């Protein structure tokens, strides 16, 4: 295990740079010395900052040396490499919420049960049987399978291993219980019974299908009142602002005049209404952060829904499922539904989000 050498190097023009030097063993067994410029001393003010910038490179170099000496790797070692390369904050390939989810499943399920095994000892049938014994819902088991498969794909990508045994593991993800869907009457009752802030949130979620992270990540400059469009450009998860879930998520969302009117009323009552202010800015944080969505839902919206006679359990994502189902109930074309929900594939729109509501089933059965 080597840590390399980090030094400063002067240049004829411009500021000094940080240079990282390390060695590798060549095909003939001889040492090959390499070097790479990391950045300027303006970008990294001290050695600790420069050292953190080369952490993933050091990991890659050490594992390359281990691979060349044919040392086997355990699942725990692979998890460590995966976290340093793929789950680091500097890696923007995955969203913050996805990285956080991967980290939780690795620590909670993969490492305790499979960490000590070498990669060559991971077997398809053994992993599949282990999933069957877990006291979890099918969806949770499917996520564990997905994380393990991503981990093994990572091993193949870096040539630590030559195949992915999890690829053949069978695990369904279909939930036994269908998600709750709110009816139009229930949505109207809820909207009429809420204060302006909560009413705006519910109306926005129910009529656009925005995800919770997108809903509270909106800024006033994202809303084009003239063209009646919302441009979804960011998401916020656990207070961390990041990109949207997928490229398809960034497509503009059409807004109905009723919602435009409600948003304008809410803006008039806001202290924070500049273009770069959050649409749902928190007074407690003096507008620097938006409200925490789960707190509003749990403390204000759900108790009020219970008072209004709405007994169904629901969350922010319920409005997205409801939006998809109601779009289908009024005869919206599948491709239009996919565009409105901003899904990457039509399969997600039909298999996961859309249900046939009872009146539509009766109408189809009657002939």
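In this note's numbering, the protein residues as written are -13 to 353. The beta-carbon is built from N, C-alpha and C at its ideal position, and this holds for glycine as well. These numbers were taken from a predicted model, which means no experiment stands behind them.
Under a 10 Å Cβ-count criterion, residue 120 is classified as exposed, with fewer than 16 other Cβ atoms of the shown protein chains found around its own Cβ. Remark: C-beta atoms of residue 7 and residue 31 do not approach each other more closely than 7 Å. For residue -9, the uninterrupted beta strand (DSSP E) segment begins and ends at -9 to -5.
In this model, residue 296 and residue 101 are separated by some 46 Å (Cα to Cα). With a contact defined as Cβ atoms closer than 8 Å, residue 165 and residue 304 qualify at about 7 Å. Here residue 269 has 257 as same chain residues with Cβ atoms under 8 Å from its own Cβ, once five neighbours each way along the sequence are excluded. Taking a C-beta distance under 7 Å as the contact criterion, residue 110 and residue 70 do not qualify as a contact pair.
Scanning its chain for C-beta atoms nearer than 6 Å, with the 5 sequence neighbours on each side dropped, one finds around residue 155 the residues 110, 113, 114 and 131, in chain order. Restricting attention to beta strand (DSSP E) runs no shorter than 3 residues, the region -4 to 34 encloses them at 3 to 11 and 17 to 26, ordered along the chain. By DSSP's assignment, residue 60 forms a beta bridge with 104.
Going by beta carbons, residue 24 and residue 39 fall inside the 7 Å limit.
Proximity to residue 245 across 33, 103 and 185 peaks at 185, based on C-alpha coordinates. The alpha-carbon separation between residue 90 and residue 129 amounts to approximately 11 Å. Rounded to the nearest angstrom, the gap between the Cα atoms of residue -7 and residue 158 is 53 Å.
Residue 188: member of the alpha helix (DSSP H) spanning 182 to 194, first to last residue.
If you look at residue 133, you'll find it in the alpha helix (DSSP H) that goes 124 to 143. In terms of Cα proximity to residue 243, the closest of 220, 216 and 222 is 216.
In the pairwise beta carbon analysis, the region 248 to 264 is classified as not touching the region 141 to 148: fewer than three pairs are separated by under 8 Å.
Contact holds between the region 279 to 297 and the region 170 to 181, because three or more Cβ pairs, one in each stretch, are under 8 Å apart.
Excluding its 5 nearest sequence neighbours in each direction, residue 61 has C-beta neighbours in its own chain below 6 Å: 100, 101 and 103, listed in chain order. With contacts defined by Cβ atoms closer than 7 Å, residue 123 and residue 64 do not form a contacting pair. Pairing residue 202 with residue 107, the inter-Cα distance amounts to about 45 Å. Residue 105 and residue 250 have their C-alpha atoms some 57 Å from each other.
The C-alpha of residue -11 lies about 9 Å from the C-alpha of residue 41. Judged by DSSP in its simplified three-state form, residue 322 adopts helix.
Per DSSP, reduced to three states, the secondary structure at residue 99 is helical.
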